[in-house]
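> Mind looking over this structure? Questions follow.
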Amino acid sequence: MTGSLLQRAQHVSQTALIKGALQPLSTVVETVCEGALRFQLRTLSSLKYKENTQRIKQAGNHTTNPFKPYDPHLFVCDIGPDHICLLNKFNVIENHLLLVTREFEPQTNLLNPSDFKAALLGLKEIDGVVFYNGGREAGASQPHKHLQLIPVKPGNLPLAIQLSGFSDRPETNPALPFQQAGIQLAGNITDDPDAGAQWLHNHYLTLLDHLHLSHKMKQTTIAYNLLLCREWLMLVPRSTESFASVSFNALAFCGSVLVKNQHQADTLKSAGIANALLSVT
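The sequence shown begins at 1322 in my numbering and counts up one residue at a time.
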């Protein structure tokens, strides 16, 4: 990987848009406050309903593997020995990246040090958030193992204040309205990606234990979301994928929720987004 990862992603995005390989989803954004909690609610634009619906359907198609072979127009760079970096074809956030294993591995496999190294190589260049949807109940859209990286600074996340409350030991954060466990990271975690990856992997296993999620096998039947930035690592156990037909992936647990239409948005606001997140963990 050479040069700025973000600049490379921006350059590839321009070409991919022209070629039709990149197909962004258009959304309308509103802020929803529930007490001290702040959420960003994104609703697919009704003005592009047909286009958005077709893209959502294609994004959830499991009959083919979009990563093997991958669309060369979406290729950004190699990232570590075992991963490639691709643009997310159906992105909501600009320069949304996928960190995909070169060879097929199930999305239900446990993360390994190589996965964390790819994540740290990305975070070394982009002060953003890496996330992982571990299993279908956690919102995974494809069965081929991949982490995701969005160039949104942790301090700009809707739940940034609450997420900054982790300590330097694995524990539950009482400021967050759903089941989770996390740990604050050392400020230099990206300086040595190999050492940092091993440290993260060890604490990832510790957090799985803390949440009583079994990890004794390489492949697991448990579902969880992982979120990682330069400041903290958090795991969220999942009991189900959706609440009132609204599917949640990892980004929901940093306060960013995507819904398909205004009816779903109204349902969430009526029930309370915090209540909905608690119900799926």
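Even for Gly, the Cβ is constructed at its ideal location relative to N, Cα and C. None of the values given here were measured: they were computed from a predicted structure.
Rounded to whole angstroms, what is the Cα-Cα separation between histidine 1483 and aspartate 1403?
One point to set straight first is that residue 1483 is glutamine, not histidine, in the sequence displayed. Cα to Cα, glutamine 1483 sits roughly 34 Å from aspartate 1403.
> Buried or exposed for isoleucine 1339, going by 16 or more other Cβ atoms inside 10 Å?
So isoleucine 1339 counts as exposed.
> Give me, in chain order, the residues of the same chain whose beta-carbon lies closer than 6 Å to that of alanine 1595; leave out the 5 immediate sequence neighbours on both sides.
These residues qualify, in order along the chain: Glu1355, Leu1358, Pro1498.
> For leucine 1534, I'd like the list of residues in its chain whose CB is within less than 7 Å of its CB, leaving aside the five on either flank, ordered along the chain.
Closer than 7 Å at Cβ, skipping near neighbours: Ile1543, Tyr1545, Pro1558.
> Can you tell me the Cα-Cα spacing of leucine 1579 and valine 1473, whole angstroms?
Taking the straight line joining both Cα atoms gives about 16 Å.
> I'd like to know if the region 1410-1417 and the region 1519-1533 are in contact, where contact means that at least 3 CB-CB pairs between them fall below 8 Å.
Touching, no, given that fewer than three Cβ pairs across the two stretches are closer than 8 Å.
> Short of 6 Å in beta carbon distance, which residues of its chain neighbour leucine 1442, apart from the five on each side in sequence? Order them along the chain.
If we look at leucine 1442 and ignore the five residues flanking it on each side, its Cβ neighbours are Ile1400, Gly1401, Pro1514.
> Smallest Cα separation from leucine 1395: which of Ser1334, Gln1505, Gln1501?
Ranking Ser1334, Gln1505, Gln1501 by Cα distance to leucine 1395 puts Ser1334 first.
> Work out the CA separation of glutamine 1501 and leucine 1470 for me, nearest whole Å.
So the two alpha carbons sit approximately 20 Å from each other.
> Between the alpha carbons of glutamine 1583 and valine 1353, how many angstroms are there, rounded?
Computed Cα separation, rounded: 14 Å.
> Span of the alpha helix (DSSP H) holding proline 1514?
Where proline 1514 is concerned, the enclosing alpha helix (DSSP H) stretches over 1514-1531.
> Please give the ranges of any alpha helix (DSSP H) in the region 1435-1496, keeping only runs that are unbroken, at least 4 residues long and fully inside the region.
If we require 4 residues or more, the alpha helix (DSSP H) runs fully inside the region 1435-1496 come out as 1481-1484.
> Is it right to say serine 1568 is buried, meaning 16 or more other beta carbons lie within 10 angstroms of its own, or is it exposed?
With 16 or more Cβ atoms within 10 Å of its Cβ, serine 1568 is classed as buried.
> Identify the residues that DSSP records as bridge partners of alanine 1502: which are they?
Paired residues: Leu1556.
> Suppose you measure from the CA of alanine 1459 to the CA of leucine 1468; what does that come to, to the nearest Å?
Approximately 13 Å between the Cα atoms of the pair.
> Decide if lysine 1389 is buried, meaning its Cβ has at least 16 other Cβ atoms within 10 Å, or exposed.
Exposed is the call here.
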